Amino acid sequence: MGHSSSTQAGRRHHRESAASCAPLTARGSVLARAAASDGTRGDTTAAAETTSDSTEANRLAVRKSWRRLILWSRVKQEEMERFEDQLEDQVSKVCVFGAGSFGTAIATMLAKKYPQASVHVVVRNEEQCRVMNEERRNNRYLSDYVLPPNVVATLDAEAALGGCQYVVHAIPVQASTAFLSKVKAFVPKHVPVICVSKGLEVGTGITMHEVLQRALGEDQPLVALSGPSFAKEVMEGLPTNLVAAAEDESLARSVQMLFASP
1120 MGHSSSTQAG RRHHRESAAS CAPLTARGSV LARAAASDGT RGDTTAAAET TSDSTEANRL
1180 AVRKSWRRLI LWSRVKQEEM ERFEDQLEDQ VSKVCVFGAG SFGTAIATML AKKYPQASVH
1240 VVVRNEEQCR VMNEERRNNR YLSDYVLPPN VVATLDAEAA LGGCQYVVHA IPVQASTAFL
1300 SKVKAFVPKH VPVICVSKGL EVGTGITMHE VLQRALGEDQ PLVALSGPSF AKEVMEGLPT
1360 NLVAAAEDES LARSVQMLFA SP
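If you use this note's numbering, the sequence shown corresponds to residues 1120 to 1381, in order.
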């Protein structure tokens, strides 16, 4: 009997101890979870601060790059304006080969931009030449438009090329070889020839650049002017976008400035 009582008392003590430990264990788990939660929250806060610092650094880098770009563009714009001012004072005579739609449009555009210069257009038809000079219009192409007074049509290629500073080649590719064979002796070797004609020559498959080189020699300064443009739009002064390409970058830039709008 006494042994049984002792045993029961021991069992009660064990249960009471277990019961008293259970809440402690539960509280420990809660505290552990809370501590873990605080640690995660701390990591999240640190990550957010790092991201914020990185974003601010990116903003500062973008602002710095943007300021440099603006400064560079202003410097380049000033350089272009100085060059254009010099060009306007220097350009006194330009020769245009061909009085088709694009040749007429180019001549008109240059004559308006450089009113102090004479723009000589080499034509092959005597009646067309007379009408352009007397009636101030091209009776065969773009006849609704009035030609500026400093556009001069001529049949005399030698006179047109004498003293000119630029030559614009606007003869169609298939007629270029025959035309150039007649005028090549009068083309000054140092004067840039700007080609606005496009296409490949039938029979040889060569480009306009190669046609010009074959006719005028490889030492002739050549520039290709090309892009999505239409003669009527150029004649009306509408915006267009052309690219000047040459082996000599400085030559390409000078031609770019020659044609660039204000």
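Glycine included, every Cβ here is placed at the ideal spot set by N, Cα and C. It should be emphasised that the depicted structure is a prediction, and the values quoted were computed from it without experimental measurement.
Where residue i sits in the DSSP three-state scheme
i, result
"cysteine 1283", "coil"
"isoleucine 1325", "coil"
"serine 1373", "helix"
"leucine 1357", "coil"
"leucine 1344", "strand"
"leucine 1319", "strand"
"alanine 1364", "strand"
"serine 1171", "helix"
"valine 1265", "coil"
"alanine 1379", "coil"
"arginine 1146", "Any reading at arginine 1146 needs caution, since the residue's pLDDT is 44, under 50, leaving its predicted position unreliable; the model's value is listed next. Arginine 1146: helix per DSSP, three-state reduction."
"alanine 1153", "Any answer about alanine 1153 is weak, because its pLDDT of 46 lies below 50 and its placement is not dependable; what the coordinates show is given next. Helix, per DSSP."
Beta strand (DSSP E) segment containing residue i, residue limits
i, result
"threonine 1296", "Element bounds for threonine 1296: not the beta strand (DSSP E) but the alpha helix (DSSP H), 1292-1302."
"phenylalanine 1216", "1212-1216"
"serine 1237", "1237-1241"
"alanine 1289", "Here alanine 1289 belongs to no beta strand (DSSP E), and DSSP marks it neither H nor E."
"valine 1310", "Where valine 1310 is concerned, there is no enclosing beta strand (DSSP E), given that its DSSP letter is neither H nor E."
"alanine 1272", "1270-1273"
Cβ-Cβ distance between residue i and residue j below 8 Å
i, j, result
"alanine 1111", "valine 1238", "The requested residue 1111 does not occur in the structure, where the chain is confined to residues 1120 to 1381."
"valine 1330", "serine 1300", "no"
"alanine 1278", "glycine 1217", "no"
"valine 1215", "valine 1240", "yes"
"valine 1242", "leucine 1274", "yes"
"valine 1302", "alanine 1276", "yes"
"asparagine 1258", "valine 1250", "yes"
"tyrosine 1260", "serine 1220", "yes"
"phenylalanine 1305", "leucine 1335", "no"
"arginine 1256", "serine 1262", "yes"
Contacts around residue i, its chain only, beta-carbon distance under 8 Å, and the 5 residues preceding and following it disregarded
i, result
"valine 1342", "Pro1311, Val1312, Ile1313, Cys1314, Ala1363, Ala1364, Ala1365, Leu1370, Ala1371, Val1374"
"leucine 1361", "Leu1344, Ser1345, Gly1346, Ser1348, Phe1378"
"cysteine 1283", "Lys1212, Val1213, Cys1214, His1239, Pro1307, Val1310"
"asparagine 1252", "Val1271, Ala1272"
Boundaries (first-last residue) of the alpha helix (DSSP H) holding residue i
i, result
"serine 1220", "1220-1232"
"valine 1250", "1245-1253"
Sequence-distant residues of the same chain with beta carbon closer than 7 Å to residue i, five excluded per side
i, result
"serine 1316", "His1288, Ala1289, Ile1290, Pro1291, Val1292, Ser1295, Met1327"
"glutamate 1135", "For glutamate 1135, the predicted structure reports a pLDDT of 47, less than 50, and the residue's modelled location is therefore unreliable. The matter cannot be settled from this model."
"alanine 1230", "Val1238, Pro1267, Asn1269, Val1270"
"proline 1234", "Asn1269"
"serine 1380", "none"
Residues of its chain near residue i, where Cβ-Cβ distance is below 6 Å and the 5 sequence neighbours each way are ignored
i, result
"tyrosine 1264", "Met1354"
"phenylalanine 1298", "Ile1290"
"aspartate 1367", "none"
"glutamate 1320", "Val1292, Val1330"
"methionine 1228", "Val1353"
Any non-hydrogen atom of the ligand MG within 7 Å of residue i CB
i, result
"phenylalanine 1221", "This structure does not include the ligand MG; it has no bound ligands of any sort."
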